[in-house]
Structure formats: structure tokens, C-alpha cells
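S.K.: Residue numbers (the working numbering): 19 to 130.
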Amino acid sequence: MIKRDQPYIRQLFVCINNRHGESPSCGYSGSEEMVEELKKVCKERNLKGKIRAAKSGCLDLCAFGPNIMIWPEGLWYMKVTKDDIPQIVDTFLKLEEQDKPAQAALSAAPAK
Ligand code: FES
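1) Here's the rule I'm using: 16 or more other beta-carbon atoms within 10 Å means buried, otherwise exposed. How should Gly83 be labelled?
2) Report all residues from its chain with a CB closer than 8 Å to the CB of Ala123; omit the five preceding and five following residues, and keep chain order.
3) Excluding sequence positions up to five away, which residues of its chain have a Cβ less than 6 Å from the Cβ of Gly45?
4) Could you tell me the alpha carbon to alpha carbon distance between Asp102 and Glu55, rounded to whole angstroms?
5) In chain order, which continuous runs of the beta strand (DSSP E) of length 3 or greater are located wholly inside the segment 93–129?
6) Please name the residue, chosen from Gly48, Gly39 and Met19, that lies closest to Asn85 on a Cα-to-Cα basis.
7) Can you look up Ser43 in the DSSP assignment and give me helix, strand or coil?
8) Under a three-way DSSP split, which group does Cys33 fall into?
9) Using DSSP bridges, identify the partner residues of Lys73.
10) Closest to Val53 by CA distance: which of Ser41, Gly67, Ala71 and Asn64 is it?
11) By a C-beta neighbour count over all protein chains shown, 10 Å radius and 16 as the cutoff for buried, is Met19 buried or exposed?
Shown next as C-alpha cells:
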């Protein structure tokens, strides 16, 4: 095992858990479509490598899906639609802009 500080300051988690209609879930509510829209918006804006998005399992607010969270701020977006994705990307980028000095320090830190 290699232990180190977190490599990223921020990530976007998109719940893709799918219960196939047996009970509410983000995947069944269209979260995979949100992932595709996120990729599309990032490609259109030439943001490759700037948005760190991770598909996640259940975030425990299933009835309000699709759920997307910006970590570590815990900014939570529920019932997300494709039209919301550009605003979520904008928020992520604004937060990234605010902590550029901290990111530079993380990049320079040696692995532990
Ligand atoms: S299925 Fe997404 S929060 Fe539970």
C-alpha cells in the first residue's frame, strides 16, 4: 500500500446507482445521461483534465436523483437535468480558480 495526501483538491461525484425501478435511484432517473452531458460540456469548452468527475455509488438521497456533489465543499445538486450541467461546471471551475495556490502546493508535494 502507498499512502499519500489526496492528489486532487476537488472532485465531482455523480451517483449512477441504478435499482431499475424497484425503488428510486439516480441511475434509473437518468444520471448516466448527466455523465454524458458533463463529458459533452467539458469537450465543448476544452476542459479535458480540468474537471475531475467520478461515477459514484449511492449517496443516500435516492428519491432526489440524479444527485451530483462537489467534494469537499459538499455542494449538492438534486434532481439534476442536462440543462443544469453547465452551471455545475461553472461552479466547479470557480472553486478551482479560488484555490489555485493550494493546488500548486499539492502538485509540488512529494508522495509519501
Ligand atoms: S441512488 Fe443515487 S443517491 Fe441513492
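Idealized CB from N, CA, C, for every residue including glycine.
M.R.: From the atom records:
1) By the neighbour-count rule (16 or more Cβ atoms within 10 Å), Gly83 is buried.
2) Taken in chain order, the list of residues that qualify is empty.
3) Answer for Gly45: Ile34, Asn35 and Asn36, listed in chain order.
4) Here the alpha carbons of Glu55 and Asp102 stand approximately 10 Å from one another.
5) Listed in chain order, the complete beta strand (DSSP E) runs (minimum 3 residues) inside the segment 93–129 are 93–95.
6) Minimum Cα-Cα distance from Asn85 among the listed residues Gly48, Gly39 and Met19 corresponds to Gly48.
7) In the three-state reduction of the DSSP assignment, Ser43 falls in the coil class, being assigned neither a helical nor a strand state.
8) In the three-state scheme derived from DSSP, where H, G and I count as helix and E and B as strand, Cys33 is classed as strand.
9) Partner(s): Val32.
10) If we check each option's Cα against that of Val53, Ala71 comes out closest.
11) Exposed, because fewer than 16 other Cβ atoms sit within 10 Å of the Cβ of Met19.
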